[in-house]
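Quick mapping for you: the protein sequence lines, in order, are chains D and G.
Residue numbering for the first sequence follows the numbering used here, beginning at 1 and increasing consecutively.
Residue numbering for the second sequence follows the numbering used here, beginning at 1001 and increasing consecutively.
Have a look at the structure below before the remarks.
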Amino acid sequence: MTPNLMDLLHAGPVMTASFFASAVEAVEAATVVLAASVERGWRPALAGALAALAALAAISALFGPALAAIPIATLQVVVGTLLLLFGVRWLRKAMLRSAGAIGLRDEEALYARERLALDGSPGADRRRWDTIAALVSFKAVLLEGLEVVVIVIGLGAAGGMLVPAAAGAVGACVIVAGTAAALNRPLSRVPENALKFAVGIMVSAFGLFWFGEGIGGHWPYGDAAIPGLVAVLFAASSCAVALVRRGGIR
Amino acid sequence: MNALRKILGKVATLFYDDASLAITVLAILALAAAASTVPGLDLEPVMAFLVVGVVAALVENVARAARAR
């Protein structure tokens, strides 16, 4: 295989996982920014979102270079542990939602609730600068953006894949923000739980892979073990969901 | 200060929302890491334990959570 194809094979899964995980977070942030924008004016909402993006860029610039100083095995163990905890948490929630044990996330309802809360806040005059809209927007983008930063660092740091991971995240955020702005409504048709299920599996697989490498183990077939881990997690979680749904697990 | 506390709280909840699952996964990782330091031990069974342990912990936790609801 040519080096370019090899690079693509290595970067592809990282970029894909980062893209879909970041898309989920971006949809959640877009719902709040859109509600603030529609209810209180787009300028403060946009300013709040941009300020949060600047804060996230500063946080990344501050902590990013520090990663290079950490020995690779330690980095793999730490990143693997964090990715696994993060991925298993998403996968658990997605499994419970798929099995019908907890309700699906309703973006339209969250949007309506956010609009109602902002409408009731004092100073809703669209001609003036609206601090509340800016703060609500800032907080939503900062908190969801922090998750994106963790995803990018987790997926990219241990394998020297920060650029593909960041590219996937930026691509997802640009597409989601552009679509939400064009439609001017929450992206309720995004299959949030299916995405969370898939991302939970992928992130957990990367977590297991990096942790195993970090403790000195060698996976069969090297990097090609990641799709194998994805397959194992997918089969086990799908079976568990089906059994819970049918009442087979009691 | 309140905002900072909220942000730190949010960062912590990125990694767990069910403490028992997080603790079980951490225990499996700790066992695997400890086993990997044993001289002369083949790491293939350790890797298998890692995968099977995490999958079993997840499935058990989901089943228990579904039963409780």
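All C-beta atoms, glycine included, are put in the ideal place defined by N, C-alpha and C.
It should be emphasised that the depicted structure is a prediction, and the values quoted were computed from it without experimental measurement.
Query: DSSP state of D/Met15 mapped onto helix, strand, coil; Result: helix
Query: For D/Ala30 and D/Val176, the rounded distance between their alpha carbons; Result: 8 Å
Query: Proximal residues of chain G, C-beta to C-beta of D/Thr74 below 8 Å; Result: In chain order: nothing, as chain G lies at least about 12 Å away.
Query: G/Ser1036: contacting residues in chain A (beta-carbon distance under 8 Å); Result: In the structure shown, chain A cannot be found, because the protein chains are D and G.
Query: Any chain D beta carbon closer than 8 Å to G/Ala1022; Result: yes
Query: Contact with chain D by G/Ala1012, beta-carbon distance below 8 Å; Result: no
Query: Near-chain G residues of the segment 89-116 of chain D - C-beta to any C-beta below 8 Å; Result: Arg89, Leu91, Arg92, Lys93, Met95, Leu96, Ala99, Ala101 and Ile102
Query: Residue from D/Glu114, D/Ala134, D/Val241 and D/Ala194 whose Cα sits closest to the Cα of D/Leu53; Result: D/Ala134
Query: D/Val141 beta carbon less than 8 Å from that of D/Val33; Result: yes
Query: Chain-ordered chain G contacts of D/Phe86 [CB-CB under 7 Å]; Result: Leu1014 and Phe1015
Query: Same chain, Cβ closer than 6 Å to D/Arg97, neighbours up to 5 away in sequence not counted; Result: Leu104 and Asn193
Query: D/Ala166 versus D/Arg89 - alpha carbon distance; Result: 22 Å
Query: Chain G within 8 Å of D/Gly64, Cβ atoms only; Result: no
Query: Delimiting residues of the alpha helix (DSSP H) encompassing G/Asn1061; Result: Glu1044 to Ala1068
Query: Nearest residue (CA-CA) to G/Leu1004, options D/Ala157, D/Leu143, D/Arg245 and D/Asp130; Result: D/Leu143
Query: Partner residues on chain D for G/Leu1058, Cβ-Cβ distance less than 9 Å; Result: Val88, Leu91, Arg92, Met95, Ser204, Leu233, Ala236, Ser237 and Ala240
Query: Burial state of G/Val1038, where buried means 16 or more other Cβ atoms lie within 10 Å; Result: exposed
Query: Separation of D/Ile215 from D/Val230, as counted between CA atoms; Result: 20 Å
Query: Three-way DSSP call (helix, strand, coil) for D/Ala69 in this model; Result: coil
Query: Contact with chain G by D/Phe197, beta-carbon distance below 8 Å; Result: no
Query: Alpha carbon of D/Trp210 to alpha carbon of D/Asp119, nearest angstrom; Result: 47 Å
Query: Buried or exposed by the 16-neighbour rule on C-beta atoms within 10 Å, applied to G/Thr1013; Result: exposed
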